[in-house]
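These notes are about the structure you will find just below.
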Amino acid sequence: MSTTGQSHQEEMQALRELYDKVGLRGYWDMDRRTGGPAPIQPKIWRWRDIYPALQRAAAIVRLGEDTFRRANGMNTGSRTITAGFQYVAPGETAAAHRHTASALRFVVQGHGGYTTSDGEQMIMEPGDLLTQPNWTWHDHSNFSNEPMIWLDGLDAGLVRYLEANFHENWTEGEMQPVIKPLGDSQQRLTPVRSPSFGKVTRRAPYHYRWSDTLRALNAAAGSEAAARDASPYDGYILEYTDPISGGHTFVTISCRIQMLLPGQTTRFHRHTSTTIYHGVAGAGMIRIDKENPVELSWGEKDTFILPPWRWHQHCNTSATQPAILFSESDLPVLEALDLYREDGD
Ligand SMILES: [Fe+2]
Ligand SMILES: [Fe+2]
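Heads up, the sequence shown is in our numbering, so the first residue is 59 and it goes up one at a time.
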């Protein structure tokens, strides 16, 4: 019996060697619980730690010599969406380029710097969201007297995973020419627009101004009709919809803004999408998991990640002030692949 067992083991070993040689693998020979990427963990990046680090990098890393943009990625563990802070010091420019990864810029600090997207200057103010869908030309300039800092979000993890990452630099000088008037995309993509504009199918860069976003958010929190639309899991939550399709912000990323009323605590839910949050106003706490929960208390400009399929609830920890969160998530990817699941109390 032992001889037979021994010879079977020898046969298995020989088979393993043959499989190695021809490039096959036997699923009977693998532990499916190991070998995958490490699960994403809840994590918070506090502005009080991040800001001095960004300032240090700005003093050491030279734009134009060391790098074409001063991007500071956060180690989130997400394989789909990335987050980081970009810092453009007064007088600096980041050279024009485009790539197949789509990008969002949520302005954290500074006034008057601008991004040019497909020939249109967009002047950045705190709370503004600028989108640059797949293959949009973009460059950044800061001619104000204070640093411009924004949260960068890209679908670069997914694009790299699919090996579909293409990048091209603008070759006729450092910056692309400005060929459109200020406010062009907002004017052209408003719901009441010139019929000569026709049916647009390609996604276009867009500038969602904070003043408009805040107005919409206050209207949502202040009207009875909108209150009926409030989510038991997210409070008053709005999506930055793509102005052309009316769908998610990007094919791959959904950007949202949400308000929790003073003292509000939401119900628990969980979903297969991963969300990266950024504190815009007020203070709150996200409780992740029902048993032995991880509680991340956040304030303005703090950023944190919620891993997929973890129970969570939001709390506004102030009894007097609303709490506002910006977020980016890979929800559209999960939906497109028919992998989105949600479960709620
Ligand atoms: Fe870029
Ligand atoms: Fe959620």
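Don't be surprised by glycine CBs; every beta carbon is placed ideally from N, CA and C.
In the DSSP annotation of this structure, residue 82 is not part of any beta strand (DSSP E), being labelled neither H nor E. Beyond the five residues adjoining it in sequence on each side, residue 358 comes within less than 8 Å, by CB distance, of 105, 337, 338, 339, 340 and 341 in the same chain, given in chain order. Taking 7 Å as the cut-off, the beta carbon of residue 392 is found no closer than this to the beta carbon of residue 312. Residue 367 carries a coil assignment under DSSP once its states are collapsed to helix, strand and coil.
Ranked by Cα distance from residue 308, the first of 173, 212, 182 and 64 is 212. By the beta-carbon neighbour count (other beta carbons within 10 angstroms, threshold 16), residue 227 is exposed. The C-beta distance from residue 243 to residue 264 rounds to 5 Å, short enough to fall under 8 Å.
Residue environment: residue 203 is assigned as exposed (fewer than 16 neighbouring CB atoms within 10 Å of its CB, all protein chains considered).
Nearest to residue 370 by alpha-carbon distance, out of 298, 343, 356 and 382, is 343.
Distances from the CA of residue 194 to each of 327, 167, 162 and 302 were compared; the closest alpha carbon is that of 162. Rounded to the nearest whole angstrom, the CA to CA distance from residue 252 to residue 258 is 12 Å. By the Cβ test, the region 132-139 is not in contact with the region 147-165, since fewer than three Cβ pairs between them sit closer than 8 Å. In this structure the region 221-235 lies against the region 145-153, because at least three pairs of beta carbons, one per stretch, are closer than 8 Å. Per DSSP, reduced to three states, the secondary structure at residue 314 is strand. The C-beta distance from residue 209 to residue 143 rounds to 6 Å, short enough to fall under 8 Å. If you compare the alpha carbons of 73, 234, 314 and 378 with that of residue 386, the shortest gap goes to 314. Assignment of beta-bridge partners to residue 346 by DSSP yields 352 and 370.
Annotated three-state conformation of residue 240 is coil, per DSSP.
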